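S.K.: Quick one: the structure is below, and I'll ask about it shortly.
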Amino acid sequence: MATAASIKIPDNVVQETLEAHAILWNQTFSYIKSMSLKCAVELHIPDAIHRHGMPITISQLLSSLSISQDKSRYLRSIMRVLSQERIFKSHITPSGEETFDLTPVSRLLLTASSFPHNPNTSPLVLLSLNHRIVDSHHQLSRWFHEPDATITPFVMTNGKAIWNLGRELPQFNDLINKTMECDSNFLMNVMASKGWLSFQGIGTLVDVGGGTGLMAAKLVEAFPGLKCIVLDLPHVIDMTERKTDKIQFIAGDMFVEVPHADVALLKWILHDWKDEDCVKILQILQRCKEAIPPKEKGGKVIIIDIVVGLKFNSHTSLQTQLLFDLHMLASCMGQERDESEWRNLFVTAGYRDYKIIPYVDHMRSIIEVYP
Ligand SMILES: C[S@@+](CC[C@H](N)C(=O)[O-])C[C@H]1O[C@@H](n2cnc3c(N)ncnc32)[C@H](O)[C@@H]1O
Numbered sequence: 034m035a036t037a038a039s040i041k042i043p044d045n046v047v048q049e050t051l052e053a054h055a056i057l058w059n060q061t062f063s064y065i066k067s068m069s070l071k072c073a074v075e076l077h078i079p080d081a082i083h084r085h086g087m088p089i090t091i092s093q094l095l096s097s098l099s100i101s102q103d104k105s106r107y108l109r110s111i112m113r114v115l116s117q118e119r120i121f122k123s124h125i126t127p128s129g130e131e132t133f134d135l136t137p138v139s140r141l142l143l144t145a146s147s148f149p150h151n152p153n154t155s156p157l158v159l160l161s162l163n164h165r166i167v168d169s170h171h172q173l174s175r176w177f178h179e180p181d182a183t184i185t186p187f188v189m190t191n192g193k194a195i196w197n198l199g200r201e202l203p204q205f206n207d208l209i210n211k212t213m214e215c216d217s218n219f220l221m222n223v224m225a226s227k228g229w230l231s232f233q234g235i236g237t238l239v240d241v242g243g244g245t246g247l248m249a250a251k252l253v254e255a256f257p258g259l260k261c262i263v264l265d266l267p268h269v270i271d272m273t274e275r276k277t278d279k280i281q282f283i284a285g286d287m288f289v290e291v292p293h294a295d296v297a298l299l300k301w302i303l304h305d306w307k308d309e310d311c312v313k314i315l316q317i318l319q320r321c322k323e324a325i326p327p328k329e330k331g332g333k334v335i336i337i338d339i340v341v342g343l344k345f346n347s348h349t350s351l352q353t354q355l356l357f358d359l360h361m362l363a364s365c366m367g368q369e370r371d372e373s374e375w376r377n378l379f380v381t382a383g384y385r386d387y388k389i390i391p392y393v394d395h396m397r398s399i400i401e402v403y404p
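Sequential numbering of the sequence shown, starting at 34, is according to the working numbering.
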């Protein structure tokens with residue numbers, strides 16, 4: 034009988050198995066990178082390093098954050114993990130001390146008061162890693178067996194759809210709105226500087242699901258002839274302080290009515306809704322179509338969303354798009370679409386033509402759709 038000691042496994046199989054084992058551990062622990070990032074944002078570590086004005090030691094960082102020096106070993110672990118991911122930069126000084134500095138990534142996490150010219154992207158991290166969303170990912174395998182097609186992983190976890198929960202939990206509503214504001218701020222600055230948006234001769238724009246109106250505020254500032262209407266749910270509109278004579282806020286339901294305008298903007302809206310639920314998605318599009326004039330008169334729907342797998346995609350941005358697709362499944366049973374999936378929606382909704390302006394950031398594109 035062969036004993037374990039007498040079985041000869043070929044070297045290449047041993048090597049392959051060892052590599053596979055290492056990959057498995059690395060993948061299993063990948064979530065710890067995200068959780069370490071969340072911890073760093075919650076502790077305001079980027080602000081502390083920025084205040085310090087030069088690379089910081091763990092001991093200095095602990096003092097700045099008013100954390101006991103007893104925790105030094107563990108904060109160092111978090112900083113080392115995040116430095117591996119280029120969130121921070123570690124350095125050993127000639128005297129052998131380890132210091133940590135900001136990188137372009139952690140500069141995005143500085144709060145406005147700490148660094149006014151940088152878009153503070155922390156809310157985006159905090160919402161995406163909020164326990165209500167992360168817990169929804171724990172439900173995925175159960176969700177695949179769920180017979181009720183209307184139940185989402187988020188509903189299985191939280192008892193309510195994400196947009197309804199915001200109505201009941203003001204803090205969660207606030208986090209969603211802040212996240213959307215920081216993203217609109219970031220994206221609008223990029224699009225304006227690249228000249229990707231043009232509203233010459235356009236009188237009115239309706240921002241469908243436009244949140245608290247930051248995008249609208251940026252648009253009317255950039256295009257003085259433009260007036261905006263922001264449509265969103267009542268508990269979101271209630272939170273806004275941006276009412277001016279150039280921005281009209283309407284509390285309503287985009288599945289029921291979209292106000293008339295020359296152009297309709299749908300930024301980060303359609304990816305919230307599942308394809309199988311296409312009746313709802315097409316309702317949004319059809320309502321926009323009814324609300325806006327024909328192409329010859331400048332009428333169009335502007336969609337800002339991911340188009341998965343467009344040419345010139347880097348490996349990282351394709352991976353982010355694929356992860357975002359699952360993020361949308363967990364949070365609202367939405368999805369990220371490739372070009373053929375987008376085209377199907379437009380054709381089914383009766384639109385004549387569309388144009389894609391690829392990659393306004395490393396994930397998303399602008400799609401102009403014409404009635
Ligand atoms: C992902 S956020 C995008 C917000 C904004 N367009 C942006 O990108 O900053 C989706 C928005 O859709 C709104 N929303 C969800 N269901 C809606 C509905 N039935 N009618 C109007 N707005 C809705 C949400 O309240 C939220 O503000």
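The beta-carbon is built from N, C-alpha and C at its ideal position, and this holds for glycine as well. Bear in mind the structure is a predicted one, so any value in this text is a computation, not a measurement.
Flag Ser217 as yes when its Cβ comes closer than 8 Å to any non-hydrogen atom of ligand 1, and as no otherwise.
M.R.: Yes, the Cβ of Ser217 comes within 8 Å of a heavy atom of ligand 1.
S.K.: Quick one, which of Gly258, Ala182, Lys276 and Glu131 has its alpha-carbon nearest Gly31's?
M.R.: Outside the shown range of the chain (34 to 404) lies residue 31, about which nothing can therefore be said.
S.K.: I'd like to confirm something about Lys407: is its beta-carbon nearer than 8 Å to some heavy atom of ligand 1, or not?
M.R.: The structure shown does not extend to residue 407, since the chain is modelled only from 34 to 404, so the question has no answer here.
S.K.: I'd like the span of the alpha helix (DSSP H) that includes Asp295, first residue to last.
M.R.: Run containing Asp295: none; DSSP gives neither H nor E here.
S.K.: Since I believe His304 is in contact with Gly244 (beta carbons under 8 Å), could you give me their beta-carbon distance rounded to a whole number of angstroms?
M.R.: At roughly 15 Å, the Cβ-Cβ gap does not stay under 8 Å, so Gly244 and His304 are not in contact.
S.K.: What is the residue span of the beta strand (DSSP E) that Ala284 lies within?
M.R.: Ile280 to Ala284
S.K.: Find the nearest neighbour of Asp134 within the set Lys211, Arg397 and Ser123, judged by alpha-carbon distance.
M.R.: Comparing Cα positions, the closest option is Ser123.
S.K.: State buried or exposed for Ser217, treating a residue as buried only when at least 16 other CB atoms are found within 10 Å of its CB.
M.R.: buried
S.K.: Confirm the yes/no value for this check: CB of Asn45, any heavy atom of ligand 1, distance under 8 Å.
M.R.: Incorrect: Asn45 has no Cβ contact closer than 8 Å to ligand 1.
S.K.: Which stretch, first to last residue, makes up the beta strand (DSSP E) that contains Asp30?
M.R.: Since the first and last residues shown for the chain are 34 and 404, residue 30 lies out of range.
S.K.: Please report how far the alpha carbon of Asp80 lies from the alpha carbon of Asp265, in whole angstroms.
M.R.: 33 Å
S.K.: Taking 8 Å as the cut-off, is the C-beta of Leu142 nearer than that to any heavy atom in ligand 1?
M.R.: no
S.K.: Can you check which of these residues, Asn206, Leu343, Ile100 and His77, is closest to Thr273 by C-alpha distance?
M.R.: Asn206
S.K.: Mind checking whether the beta-carbon of Glu15 lies closer than 8 Å to any heavy atom of ligand 1?
M.R.: There is simply no residue 15 to check, as the chain begins at 34 and stops at 404 in what is shown.
S.K.: What first and last residue would you give for the beta strand (DSSP E) that runs through Ser123?
M.R.: Phe121 to Ile125
S.K.: How far does the alpha helix (DSSP H) with Val263 in it extend, from its first residue to its last?
M.R.: Looking at the DSSP string, Val263 is not in any alpha helix (DSSP H); the run it does join, the beta strand (DSSP E), is Lys260 to Asp265.
S.K.: Which residues in the same chain as Pro152 place their Cβ atom closer than 8 Å to its Cβ, once the five residues preceding and following it in sequence are excluded?
M.R.: Leu141, Cys215, Asn218, Phe219 and Asn222
S.K.: Measure the alpha-carbon distance for Met361 versus Phe256 and round it to whole angstroms.
M.R.: Note on geometry: alpha-carbon atoms of Met361 and Phe256 lie some 32 Å from one another.
S.K.: For Leu355, tell me which candidate among Glu323, Lys388, Arg397 and Thr154 has the shortest Cα-Cα distance.
M.R.: Arg397
S.K.: Among Arg165, Val334 and Thr190, which one has its Cα closest to the Cα of Ile400?
M.R.: Val334
S.K.: Between Asp295 and Gly332, which are expected to be in contact by the criterion C-beta below 8 Å, what is the C-beta distance as a whole number of angstroms?
M.R.: Taking 8 Å as the upper bound for CB-CB distance, Asp295 and Gly332 are in contact here, some 6 Å apart.
S.K.: Helix, strand or coil for Phe133 per DSSP?
M.R.: strand
S.K.: Which first and last residues belong to the alpha helix (DSSP H) in which Val334 is found?
M.R.: It is not in any alpha helix (DSSP H) - Val334 instead sits in the beta strand (DSSP E) that spans Lys333 to Val341.
S.K.: State the Cα-Cα distance for the pair Pro404 and Ala324, rounded to the nearest angstrom.
M.R.: 10 Å
S.K.: What is the DSSP secondary structure of Ile390, counted as helix, strand or coil?
M.R.: Ile390: strand per DSSP, three-state reduction.
S.K.: When the distance is taken between beta carbons, is Ser67 closer than 9 Å to Leu162?
M.R.: Yes, Cβ-Cβ distance for Leu162 and Ser67 is below 9 Å.
S.K.: Since Tyr403 is in the beta strand (DSSP E), which residue starts that stretch and which ends it?
M.R.: Arg397 to Tyr403
S.K.: For Met224, count neighbouring Cβ atoms within 10 angstroms of its own Cβ and tell me buried if that reaches 16, exposed if not.
M.R.: buried
S.K.: Leu252 by DSSP, collapsed to three states: which one?
M.R.: helix
S.K.: Smallest Cα separation from Pro137: which of Asp44, Ile120 and Gln48?
M.R.: Ile120
S.K.: Provide the residue(s) that pair with Lys300 in DSSP beta bridges, ordered along the chain.
M.R.: Ile337
S.K.: Check the DSSP bridge columns for Asp44 and list the partner residues they point to.
M.R.: BP columns for Asp44 are empty, so no partner.
S.K.: Considering only residues of the same chain and omitting the five flanking positions on each side of Ser97, which have a CB-CB separation below 6 Å?
M.R.: Ala81
S.K.: Enumerate in chain order the residues of its own chain whose CB-to-CB distance from Val393 is below 8 Å, with the five nearest sequence positions on each side excluded.
M.R.: Within the same chain, Val393 has close Cβ partners Leu220, Val223, Met224, Lys227, Trp229, Ile337 and Ile399.
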